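Participant: With this note's numbering, letter number 596 in the sequence shown gets 606, and the count goes up by one each step, no holes.
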Amino acid sequence: MTKKKKMHTGAKARKNRRLVILSSIVAGLATVFVIGSIIYVIFGMDDGFSEKAAHTEMSETGLAALDSSQDGSAIDPFSGMAITAASVEKIDTKNEETEYINQDIVDAIVAGGKTVSKALSGRPATVEMTDENRSTFASIDSCLIENSSKVTVAVTSDGIPKSDDKYYYLFEEKIYEDSIGEDAEPLSKIYKGDDTSFTINLNKGDSSSKLFSKFSVAVKLDGEYVSIAHPKFITNPEACAGYSYGGMSHKSIKGILPDPLRIGELSDLGVSYCTYNIPLSHILSTSGGIAYTYGGVTYHFKQGAIETYDYLFKRLNGMGIDVAAIVLNDASTSAFPEITHPDARHGSTAPYYMFNAVNDGGVKACAAIGSFLANRYSGSGHGNVSMWIIANEVNARREYNYMPFVDVNTYSNAFADAFRVFYNAIKSQNSAAKVYWSIDQRWTYNTQKTGDYDAKDVLDIFTATISEYGNIDWGLAAHPYSFPNENTPFWKPTKYTNHTVSTPVISMDNLEVLTNYMQRDEMRDTSGNVRSIILSEIGYSSTSGETMQAAAFAYAYTKMEKNGYIDALMFSRQTDASDEIAALGLALGLQTTGGHHKYIYNVFKYIDTDKRNEVVSFAYDIVGTKF
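#1: Can you tell me whether residue 489 is buried or exposed? The criterion is at least 16 other CB atoms within 10 Å of its CB, across all chains shown.
#2: Please determine, among 217, 493, 570, the residue with the shortest C-alpha to C-alpha distance to residue 503.
#3: Quick one: Cα of residue 559 to Cα of residue 379, how far?
#4: Taking three-plus beta-carbon pairs below 8 angstroms as touching, is the region 328-337 in contact with the region 348-359?
#5: Per the contact definition of three or more C-beta pairs closer than 8 angstroms, is the region 189-205 in contact with the region 149-168?
#6: In the DSSP assignment, the alpha helix (DSSP H) including residue 223 goes from what residue to what residue?
#7: Could you check if residue 270 is buried or exposed, using at least 16 other CB atoms within 10 Å of its CB as the buried criterion?
#8: With a Cβ-Cβ cutoff of 8 angstroms, do residue 444 and residue 248 count as a contact?
#9: Classify residue 627: buried if its beta carbon has 16 or more other beta carbons within 10 angstroms, exposed otherwise.
#10: Quick one: grab the DSSP three-state call for residue 629.
#11: Candidates 464, 283, 580, 182: which alpha carbon is nearest residue 199's?
#12: Terminal residues of the continuous beta strand (DSSP E) containing residue 316?
#13: Smallest Cα separation from residue 212: which of 243, 238, 188, 236?
#14: Return the residue from the list 580, 522, 229 that minimises the CA-CA distance to residue 267.
#15: To the nearest angstrom, how far is it from the Cα of residue 623 to the Cα of residue 392?
#16: Spell out the partners DSSP gives residue 397 in its beta bridges.
#17: What are the complete beta strand (DSSP E) segments, minimum 3 residues, inside the region 143-230?
#18: Is residue 580 helix, strand or coil by DSSP?
#19: What three-state label does DSSP hand residue 289 in the structure shown?
#20: Classify residue 529: buried if its beta carbon has 16 or more other beta carbons within 10 angstroms, exposed otherwise.
#21: When you compare each of 531, 525, 614 to residue 577 by their alpha carbons, which one comes out closest?
#22: What's the gap between the Cα of residue 545 and the Cα of residue 487?
#23: Can you list, in chain order, the residues of its chain whose CB lies under 8 angstroms from that of residue 468, leaving out five sequence neighbours each side?
#24: Determine the burial state of residue 384: buried for a count of at least 16 other Cβ atoms within 10 Å of its Cβ, exposed for fewer.
#25: Mind reading off the beta-carbon distance from residue 596 to residue 496? Whole number of angstroms is fine, and I expect it under 8 angstroms.
#26: Check the DSSP bridge columns for residue 284 and list the partner residues they point to.
#27: Taking only three categories from DSSP, how would you classify residue 59?
#28: Excluding five sequence neighbours on each side, which residues of the same chain lie with their C-beta closer than 6 angstroms to the C-beta of residue 43?
#29: Can you tell me whether residue 496 is helix, strand or coil according to DSSP?
#30: Just to confirm the assignment, what range does the beta strand (DSSP E) spanning residue 546 have?
#31: Identify, in the order they occur along the chain, each residue of the same chain with its Cβ nearer than 6 angstroms to the Cβ of residue 172, setting aside the five sequence neighbours on each side.
#32: State the Cα-Cα distance for the pair residue 310 and residue 142, rounded to the nearest angstrom.
#33: Since residue 6 and residue 288 are thought to touch, with beta carbons under 8 angstroms apart, how far apart are those beta carbons, to the nearest angstrom?
#34: Within 10 angstroms of the Cβ of residue 413, are there 16 or more other Cβ atoms? Answer buried if so, exposed if not.
#35: In the DSSP assignment, find the unbroken alpha helix (DSSP H) run with residue 277 in it and report its ends.
#36: DSSP state of residue 452, grouped into three classes?
As structure tokens, this is what we get:
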């Protein structure tokens, strides 16, 4: 591997420049002398220019250097050797003293000249930038936290760009900015090179934190700063984390949305994972409670609500269950306007809204929420959360992630920015946490006519945007419900599902369409691996019959296990929800609201045990195949 050149700034750089200039002058003189000697040897010289005169002239040059120093010595800039009177040999010829420079000194001067010449010839070419290549003349190859408190921005280019001076300048851009501000001042400057880097302070947690900023490199042209590299964000926020909780070891990927009033049954059900909602309206306060200062602003969290989550998460962990917490924005837009996207603060009855990453107040608020939650639930004694899911069914704009209808690119980019804020905040506290976002089952359904967006479109744009500005290891939380949701026998052919990438819907019947898609090169994580995929919601209603519900789950769970790319499945839900039954006619629980265990209860309980065949065999005739 080629070692990168070390760049110096400040006094050391100026000293090096003086040495290079001095060396070049001396090297030029030495070269002239050598060439003159060669000509003399080949063609001869005028008789008036005797050998004695030549040697005397050289000796005077050398002695001049000695006389110029206080101690009668000088330093050869190439060899580092001290030139003293002892280095000069004196020979008395015809009562005249002829002086010679020691041959080692001459050799050192000549060798030094060659070294300087070689270095100059190897320097990258200076290149004239054009309007076409100016914005991408250089490349930010990495933007990484080092030693927990520093940020190193590595820059490469093909040649050195011509500009007003000899410097590259590093600028900070806010996550919501598209260019260097008119009044922006550079964070740092460094001598231009084709392979160099800046190092600045991270300032995690304070008002000048760089954790949520992107960085751009510029040069001065006609007195103005001009960007020459595409901006990049920090891509390893985990490098400054104080905790590293990634979850427990599990034999099963079975999980559920629990009933907080029936937590005790989870041990009987043998679940490994639980999802749990954290709506912001439950935990935020305008004053009092738990004060948390972040980014120079103090935020407040309801102490009673937070302590309830503490109790719940600790209890689940104590049962060997890992938690996937879903952060949902239903914060009051009057009490906490900064949390919600400015365009989404009015005009909707949706339960949840788009997070705000379009101004400083929004970025700081979202960062503080993510940081507070991850810090509290990653090893500080309040219970642990190993998986975080930001928002719900993001492509379902109208129902679960409201902002006014815009083109899908604008919408997806707005969410990608907000997600990155949460990701960096969470990972900067817990290096091993996994951070997801979710989509529903409408893959290419053409949902624009209903005011929503297709999951595939949002996924594609989100992935491209995140990669363009610095790839990170996000995960996907899919909801492959049947379509319509009440279609419990999902295996029956419908116009909504097929096994191609253009399928309108992805259910458990064609789950491989999603996992195959996530295996594409452009969809992979920073290490080239398939990203973590969980099914954070999946369920079947018993309104079509309890045995039909149980058969659907048995078949779906088997297909998921055989797929091999699913890290966890969260069944929705432990207990029927009265509002879902009333509004949608969906009874998705393992038990009724009154606590009656449905047929599915034992199927769910034993499906990942040695009793599997015993509890699923009933479903073969219903599904029409053995699985």
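Built from N, CA and C at the ideal position, the CB exists for glycine as well.
Just so you know, these numbers come straight off a predicted model, no measurement behind them.
Facilitator: This is what the structure holds:
#1: Counting from 1 along the sequence shown, the entry for residue 489 is found at position 479. By the 10 Å Cβ count, residue 489 comes out buried.
#2: Within the sequence shown, numbered from 1, the residue matching residue 503 stands at position 493. That would be 493, whose Cα lies nearest to the Cα of residue 503.
#3: As a working mapping, residue 559 is identified with position 549 in the sequence shown. As a working mapping, residue 379 is identified with position 369 in the sequence shown. Cα to Cα, the separation comes out at about 38 angstroms.
#4: They do not touch, by the three-pair rule.
#5: Output reads yes: the region 189-205 touches the region 149-168.
#6: For the purposes of this step, residue 223 is taken as residue 213 along the sequence shown, with counting starting at 1. Where residue 223 is concerned, there is no enclosing alpha helix (DSSP H), given that its DSSP letter is neither H nor E.
#7: Sequence index remark: in the sequence shown, residue 270 carries index 260 (1-based). With fewer than 16 other Cβ atoms within 10 Å, it is exposed.
#8: Translated into positions along the sequence shown, residue 444 becomes position 434. Translated into positions along the sequence shown, residue 248 becomes position 238. Contact: no.
#9: Here residue 627 is taken as the residue at index 617 of the sequence shown, counted from 1. With fewer than 16 Cβ atoms within 10 Å of its Cβ, residue 627 is classed as exposed.
#10: For the purposes of this step, residue 629 is identified with residue 619 of the sequence shown, where counting begins at 1. It is helical.
#11: Indexing the sequence shown from 1 puts residue 199 at position 189. When each option's Cα is compared against that of residue 199, the closest is 182.
#12: Here the question's residue 316 lines up with position 306 in the sequence shown. No beta strand (DSSP E) holds residue 316; the alpha helix (DSSP H) holding it covers 313-328.
#13: Position 202 of the sequence shown, counting from 1, holds the residue named residue 212. Across the set 243, 238, 188, 236, the C-alpha of 243 shows the shortest separation from the C-alpha of residue 212.
#14: Taking the sequence shown and counting its residues from 1, the one referred to as residue 267 is at position 257. For residue 267, the nearest C-alpha among the options comes from 580.
#15: For this step, residue 623 is matched to residue 613 along the sequence shown. For this step, residue 392 is matched to residue 382 along the sequence shown. Approximately 40 angstroms, taken between the alpha carbons.
#16: By one-based count along the sequence shown, residue 397 stands at place 387. Beta-bridge pairing links residue 397 to 334, 444.
#17: Taking 3 residues as the minimum length, the beta strand (DSSP E) runs contained wholly in the region 143-230 are 148-156, 160-167, 177-183, 198-201, 205-211, in order along the chain.
#18: The residue labelled residue 580 in the question sits at position 570 within the sequence shown. Strand at residue 580.
#19: In the sequence shown, residue 289 corresponds to position 279, counting from 1. Residue state, collapsed to three classes: strand.
#20: One-based indexing of the sequence shown puts residue 529 at position 519. Taking all protein chains shown into account, residue 529 has fewer than 16 neighbouring C-beta atoms within 10 Å of its C-beta and is therefore exposed.
#21: The residue given as residue 577 occupies position 567 in the sequence shown. For residue 577, the closest C-alpha among the options 531, 525, 614 is that of 525.
#22: Here residue 545 refers to the residue found at position 535 when the sequence shown is read from its first residue. Here residue 487 refers to the residue found at position 477 when the sequence shown is read from its first residue. Those two C-alpha atoms are separated by around 5 angstroms.
#23: Numbered from 1 along the sequence shown, position 458 holds the residue referred to as residue 468. Here residue 468 has 404, 405, 418, 421, 422, 425, 449 as same chain residues with Cβ atoms under 8 angstroms from its own Cβ, once five neighbours each way along the sequence are excluded.
#24: Within the sequence shown, numbered from 1, the residue matching residue 384 stands at position 374. So residue 384 counts as buried.
#25: Walking along the sequence shown from the start, residue 596 turns up at place 586. Walking along the sequence shown from the start, residue 496 turns up at place 486. Their Cβ separation, rounded to whole angstroms, is 6 angstroms, which keeps residue 596 and residue 496 in contact under 8 angstroms.
#26: Translated into positions along the sequence shown, residue 284 becomes position 274. In the DSSP output, where bridge partners are listed per residue, residue 284 has 266, 333.
#27: Numbered from its first residue, the sequence shown carries residue 59 at position 49. Residue placement at residue 59 is flagged as unreliable, the pLDDT there being 35, under the threshold of 50; the coordinate-derived value follows with that caveat. In the structure shown, residue 59 falls within a coil segment according to DSSP collapsed to helix, strand and coil.
#28: Working through the sequence shown from its first residue, we reach residue 43 at position 33. Low local confidence applies: a pLDDT of 49 at residue 43 is under 50, so the model's placement there is unreliable, with the coordinate-based value given in what follows. Here the set comprises nothing.
#29: Residue mapping note: residue 496 aligns to position 486 of the sequence shown, counting from 1. DSSP places residue 496 in coil when its eight states are reduced to three.
#30: Here the question's residue 546 lines up with position 536 in the sequence shown. It spans 543-548 - the beta strand (DSSP E) in which residue 546 sits, taken as one unbroken run.
#31: Here residue 172 is taken as the residue at index 162 of the sequence shown, counted from 1. The beta carbon of residue 172 is closer than 6 angstroms to those of 136, 138 in its chain, skipping five residues each way along the sequence.
#32: To locate residue 310, count along the sequence shown from 1; it is residue 300. To locate residue 142, count along the sequence shown from 1; it is residue 132. Computed Cα separation, rounded: 49 angstroms.
#33: The requested residue 6 does not occur in the structure, where the chain is confined to residues 11 to 637.
#34: Sequence index remark: in the sequence shown, residue 413 carries index 403 (1-based). Around the beta carbon of residue 413, 16 or more other beta carbons sit within 10 angstroms, so the residue counts as buried.
#35: By one-based count along the sequence shown, residue 277 stands at place 267. Residues 275-279.
#36: Indexing the sequence shown from 1 puts residue 452 at position 442. In this structure, residue 452 counts as strand in the three-state DSSP scheme.
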